[in-house]
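Chemist: Residue numbers (my numbering), protein chains in the order written: chain A, 1 to 239; chain B, 1001 to 1239; chain C, 2001 to 2239; chain D, 3001 to 3239. Note that beta-carbon positions come from the ideal geometry of N, C-alpha and C, so glycine has one too. I'd like to ask you about the structure that follows.
Number of protein chains: 4
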Amino acid sequence: MIKVTIWNEFIHEKTKPLPARHYPNGIHNAIKEFLDADGRFEVKTAALEGENCGITKELLDNTDVLLWWGHVAHDRVSDEAAELVHNAVLSGMGFIALHSAHHSKPFRRLMGTTCNLSWREDGDMERIWVIKPSHPIAQGIDRYFEIEHEETYAEPFDIPEPDELVFGGWYSGGEIFRSGCCFYRGNGKIFYFQPGHETVPVFKNENVQTVIKNAICWAAPTARFEIKCSHIKKIGSEE
Amino acid sequence: MIKVTIWNEFIHEKTKPLPARHYPNGIHNAIKEFLDADGRFEVKTAALEGENCGITKELLDNTDVLLWWGHVAHDRVSDEAAELVHNAVLSGMGFIALHSAHHSKPFRRLMGTTCNLSWREDGDMERIWVIKPSHPIAQGIDRYFEIEHEETYAEPFDIPEPDELVFGGWYSGGEIFRSGCCFYRGNGKIFYFQPGHETVPVFKNENVQTVIKNAICWAAPTARFEIKCSHIKKIGSEE
Amino acid sequence: MIKVTIWNEFIHEKTKPLPARHYPNGIHNAIKEFLDADGRFEVKTAALEGENCGITKELLDNTDVLLWWGHVAHDRVSDEAAELVHNAVLSGMGFIALHSAHHSKPFRRLMGTTCNLSWREDGDMERIWVIKPSHPIAQGIDRYFEIEHEETYAEPFDIPEPDELVFGGWYSGGEIFRSGCCFYRGNGKIFYFQPGHETVPVFKNENVQTVIKNAICWAAPTARFEIKCSHIKKIGSEE
Amino acid sequence: MIKVTIWNEFIHEKTKPLPARHYPNGIHNAIKEFLDADGRFEVKTAALEGENCGITKELLDNTDVLLWWGHVAHDRVSDEAAELVHNAVLSGMGFIALHSAHHSKPFRRLMGTTCNLSWREDGDMERIWVIKPSHPIAQGIDRYFEIEHEETYAEPFDIPEPDELVFGGWYSGGEIFRSGCCFYRGNGKIFYFQPGHETVPVFKNENVQTVIKNAICWAAPTARFEIKCSHIKKIGSEE
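Below is the structure:
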């Protein structure tokens, strides 16, 4: 069983009608539901309103892969919580940044760039193309899949060159976006996935669910090795 | 002055009405025209019908950047000619593969992959987005530019992960494509650029011309260093 | 069980005293021995002297990961055999190039570069450092391990930038080398590993054995997807 | 003229005998001296003891390439100063991190990893090998060059995979290190260079000087393009 924690800002679902309708128990619980049904995952949830913004060292020590959804309250995540997450990823925890989590503190710290992009909300259809069909995250996905309505994200997306670009998004209004990107940092594996706007039921899309499940399996740690900053002795003089 | 050679298969323009109309003197001469007008380039052309498929060692020794357009006659380029080009690129010559040159012998040898892709001809509009706005090849280009009609190329495009992805293409019919890709191989710089179908006057598009000129400047050799396969002596025993 | 085929040129072991002493049944059988003992692998061997240089489509269709050792007879591997291997890798077969296989036809075709390097034979000690400690291929290896005597390979090594650099070699005479490099091409995973000179019993080194076993597990295909060059129909007009 | 600013922590040179002997006016002024002599650079210096840790927006707005040397006082650089530098790099300013600046705040923020490594001080000789001979930063350097005494840095070095690995270091005591690494982040170019320990006169080494001058030319901004986080309008509805 892969230990998954889903962190959600959990604000829109309590304050805006469309998110409340699609996700009455929050986006985190909607994701938990389809992960629970799968059988391969042991799922916990956490939210901004929790103690220490929902992030504790104990929680992360018991997490193989952390999913993150945030949008309007990135700044309310404390620097301490962000640093705990950052360190956990570098130590080997998988990290999946969903949609507007491109601007979350942990993702920006991991990337080292602004992670800026352009956006518009016009109910565009997004067609997500597979760019790396043999990648583990693309298994079970056809040449492409469609999301009936999604917020539009447009290039340029200010990230380091992805180590692996798995998906690219086409929007009916005319934009493209690198919608599925893999990064290796320290011992950790990081996946950014564009879909997931709060006003549309994206997380009920079966292909989106398949991608998220694949990404969890891909990001699960294979080894946790601490690269210390350490003084060493000359080889041969170590005794 | 950067020494540019434009190699063209030069078949469609003599056998099919639309290419003949748009490019009565061949695609190579249409490109030569706007490069000549620029003043920074010393331009030669070559064609499949020439001696040794238009490729000689002397020609390549006097070429800083080679542009390549081919489509129906990739197999008629001799292995010897392909090898001359391959070697010249590894020694430092820049190489720009235009449109269907994705399947040319030199490009495939440089990539080491099939370079396969899917395509259709429906007169789609292609909107080319800038992914790396500070890249030298993107200078002078706005957020995006449009090509009224272009052959549609679709992912997956079987290439190694590009060292730099500069442009991405959006097609009105629903596909995306990595339309501008940079690769470093040996001492050579390689740029693949998607636009350039023979039935539409793509090379008369000003933005396409800007990209090609930028790419030539980027790909021009800064150093030619032959990495030999050589026996060396132990350091200190070399005299 | 991962289906492994070990291809060996198998010439030095029959013609030169030191290789004959260390590997009386050939390098391929020395590798087979420790792979057989592991239990996770179903191992076949092939040699240059076999039909079609030891490479047939049937063999490759039944191979998950192909190991390759060659040195003096790269040119005697037919282009047909090299192409079969090349195609199989792009379709998903793992490929592990050992030592002087850096200059083998399949490896050069996959890389697209000269794969040149410098070398000398002075019985140097090679100390192999782990650069990516959390990489699957580095599991079970300490900070570094030593090979008492190995042929010295020196940078520059003319390969594309590795997708993942796992090991770096230090030689007692003063050189360094990128001794363990991963590449993704098409659906295939490729690992180049520097150790394996025929005059020293490198394949009996336990750490070398661990790396090779790890590399086989890493390179085993997760998905075989043929990226065809195919005409497609416009979305919505496909029926 | 490329506008260069050299930032130095400037502590060891005032408090420890060896640094004081080698660099009586500080490492920054030793670097300034050979840059001034070159003629291509307009050089300013800054130090931790200056206002706002020596870093102001005005200074960075007038800097093409910033060199950074720091060691014992990384934490005394304010977060505000580090953020100014980070933002300037993402906007296009070149950044060259020297030696122990691997642990400086700006470099760590740009990398997103711990940038940890192992080290020892035994007066080893470092031999720096060229891995990418055609790279602009390697011009004028032979196959390798030697630094008589340098602090030893050892892999693993916890950085993202470099976009270009230009130099690798061999130490007489037995370690290797990725001693010259290029990264592209936002619009900025970043070069990490290992040599530069304060107790040895490394910056008086001609090859080290050549590399630093090359790196400045390479890192100078070609374009400054701000990737904003911006709301856009639907294409066609923009008026």
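For the region 2118-2138 of chain C, which residues have a CB atom closer than 7 Å to at least one CB atom of chain A, in sequence order?
Modeler: Within the region 2118-2138 of chain C, the residues whose Cβ lies closer than 7 Å to some Cβ of chain A are 2133, 2134 and 2136, listed in chain order.
Chemist: Which of helix, strand or coil does DSSP assign to residue 3076 of chain D?
Modeler: The answer is helix: DSSP assigns residue 3076 of chain D an H, G or I state.
Chemist: Identify whether residue 2237 of chain C lies in helix, strand or coil by the three-state DSSP scheme.
Modeler: Reduced to three states, the DSSP call for residue 2237 of chain C is coil.
Chemist: For residue 2170 of chain C and residue 2154 of chain C, I'd like the C-alpha separation in whole angstroms.
Modeler: Answer to the nearest angstrom: the Cα atoms are 10 Å apart.
Chemist: Can you grab the Cα-Cα spacing for the pair residue 3108 of chain D / residue 3159 of chain D, in whole Å?
Modeler: Their backbone Cα atoms lie some 9 Å apart in a straight line.
Chemist: Under 8 Å: do the region 3066-3075 of chain D and the region 3009-3028 of chain D share three or more Cβ pairs, one atom per stretch?
Modeler: Touching, yes, given that three or more Cβ pairs across the two stretches are closer than 8 Å.
Chemist: Which term fits residue 168 of chain A, buried or exposed, when burial requires 16 or more other beta carbons within 10 angstroms of its beta carbon?
Modeler: Counting Cβ neighbours within 10 Å, residue 168 of chain A comes out buried, since at least 16 surround it.
Chemist: How would you list, in chain order, the residues of chain C whose beta-carbon sits under 9 Å from the beta-carbon of residue 1161 of chain B?
Modeler: Within chain C, the residues near residue 1161 of chain B are 2163 and 2184.
Chemist: At 3 residues or longer, and completely inside the region 2137-2189 of chain C: list those beta strand (DSSP E) runs for me, N to C.
Modeler: If we require 3 residues or more, the beta strand (DSSP E) runs fully inside the region 2137-2189 of chain C come out as 2144-2147, 2152-2154, 2164-2171 and 2176-2185.
Chemist: Can you give, in chain order, each stretch of the beta strand (DSSP E) that sits fully within the region 1008-1096 of chain B and has at least 3 residues?
Modeler: Listed in chain order, they are 1041-1047 and 1065-1069.
Chemist: Three or more beta-carbon pairs under 8 Å between the region 3222-3231 of chain D and the region 3135-3147 of chain D, yes or no?
Modeler: Not touching, per the Cβ criterion.
Chemist: Among the candidates B/1006, B/1206 and B/1110, whose CA atom is the shortest distance from the CA of residue 1147 of chain B?
Modeler: Measuring from the Cα of residue 1147 of chain B, the nearest candidate turns out to be B/1206.
Chemist: Whose Cβ in chain B lies nearer than 9 Å to the Cβ of residue 2025 of chain C?
Modeler: Ordered by position in chain B, no residue passes the 9 Å Cβ test against residue 2025 of chain C, which lies about 30 Å from the chain.
Chemist: Note down, in chain order, each residue of its chain lying with its Cβ closer than 7 Å to the Cβ of residue 1003 of chain B, except the 5 sequence neighbours on either side.
Modeler: Result list for residue 1003 of chain B: 1042, 1062, 1063 and 1064, in chain order.
Chemist: Quick check on residue 1021 of chain B: buried or exposed, where buried means 16 or more other Cβ atoms within 10 Å of its Cβ?
Modeler: Burial call: exposed.
Chemist: State the start and end residues of the unbroken beta strand (DSSP E) segment that holds residue 1127 of chain B.
Modeler: Segment 1126-1130, the beta strand (DSSP E) holding residue 1127 of chain B.
Chemist: Less than 9 Å between the beta carbons of residue 2186 of chain C and residue 2078 of chain C, yes or no?
Modeler: Taking 9 Å as the Cβ cut-off, residue 2186 of chain C and residue 2078 of chain C do not qualify as a contacting pair.
Chemist: Since I believe residue 3149 of chain D is in contact with residue 3104 of chain D (beta carbons under 8 Å), could you give me their beta-carbon distance rounded to a whole number of angstroms?
Modeler: Not quite, the Cβ-Cβ distance comes to about 23 Å (not below 8 Å), so this is no contact.
Chemist: Grab me the residues of residue 3086 of chain D's own chain with a C-beta within less than 6 Å of its C-beta, minus the 5 sequence neighbours each way, in chain order.
Modeler: Answer for residue 3086 of chain D: 3106 and 3109, listed in chain order.
Chemist: Pairs of beta-carbons, one from the region 1010-1018 of chain B and one from the region 115-123 of chain A, closer than 8 Å: are there three or more?
Modeler: Touching, no, given that fewer than three Cβ pairs across the two stretches are closer than 8 Å.
Chemist: So what's residue 3134 of chain D in DSSP terms, helix, strand or just coil?
Modeler: It is coil, neither helix nor strand.
Chemist: Taking C-alpha atoms, which residue in B/1052, B/1125, B/1058 and B/1037 lies nearest to residue 1202 of chain B?
Modeler: Nearest of B/1052, B/1125, B/1058 and B/1037 to residue 1202 of chain B, Cα basis: B/1125.
Chemist: With distances taken Cα to Cα, identify the nearest neighbour of residue 128 of chain A among A/157, A/112, A/122 and A/208.
Modeler: The candidate whose alpha carbon is nearest that of residue 128 of chain A is A/208.
Chemist: Should residue 3221 of chain D be flagged as near chain C, meaning a C-beta pair shorter than 9 Å?
Modeler: No, no contact with chain C.
Chemist: Nearest by alpha-carbon distance to residue 3134 of chain D: which of B/1216, B/1211, B/1112 and B/1094 is it?
Modeler: Nearest option by C-alpha distance: B/1094.
Chemist: Against chain D, which members of the region 1080-1097 of chain B pass a CB distance test of less than 7 Å?
Modeler: Against chain D - using a Cβ distance shorter than 7 Å - the residues of the region 1080-1097 of chain B are 1092.
Chemist: What residues of chain C sit near residue 1158 of chain B, judged by a beta carbon separation below 8 Å?
Modeler: Under the 8 Å cutoff, chain C gives 2090, 2186 and 2227.
Chemist: Under 9 Å between C-beta atoms, does residue 73 of chain A make it to chain B?
Modeler: No - not a single Cβ of chain B is within 9 Å of the one on residue 73 of chain A.
Chemist: Going by CA-CA distance only, name the one from A/34, A/177 and A/165 that's closest to residue 190 of chain A.
Modeler: Of A/34, A/177 and A/165, the residue nearest in Cα terms is A/165.
Chemist: Which class does residue 3197 of chain D belong to by DSSP, given the choice of helix, strand or coil?
Modeler: Coil.
Chemist: So with Cβ pairs under 9 Å, would you call residue 2224 of chain C a contact of chain A?
Modeler: Taking Cβ atoms only, chain A reaches closer than 9 Å to residue 2224 of chain C, which makes this a yes.
Chemist: Specify, as a first and last residue, the run of the beta strand (DSSP E) that residue 120 of chain A falls within.
Modeler: Note, residue 120 of chain A: beta strand (DSSP E), 118-120.
Chemist: Have a look at D/3227, D/3216 and D/3222 and flag the residue whose alpha-carbon is nearest the alpha-carbon of residue 3035 of chain D.
Modeler: Answer by Cα proximity: D/3216.
Chemist: Measure the beta-carbon distance from residue 2173 of chain C to residue 2122 of chain C and round it to whole angstroms, keeping in mind my assumption that it falls under 8 Å.
Modeler: Correct: roughly 6 Å between the Cβ atoms.
Chemist: Going by DSSP, which residues form a beta bridge with residue 1191 of chain B?
Modeler: Note: residue 1191 of chain B sits in a beta bridge opposite B/1096 and B/1182.
Chemist: By Cβ distance, which residues of its chain are closer than 7 Å to residue 2057 of chain C, with the 5 residues on each side in sequence left out?
Modeler: 2084, listed in sequence order.
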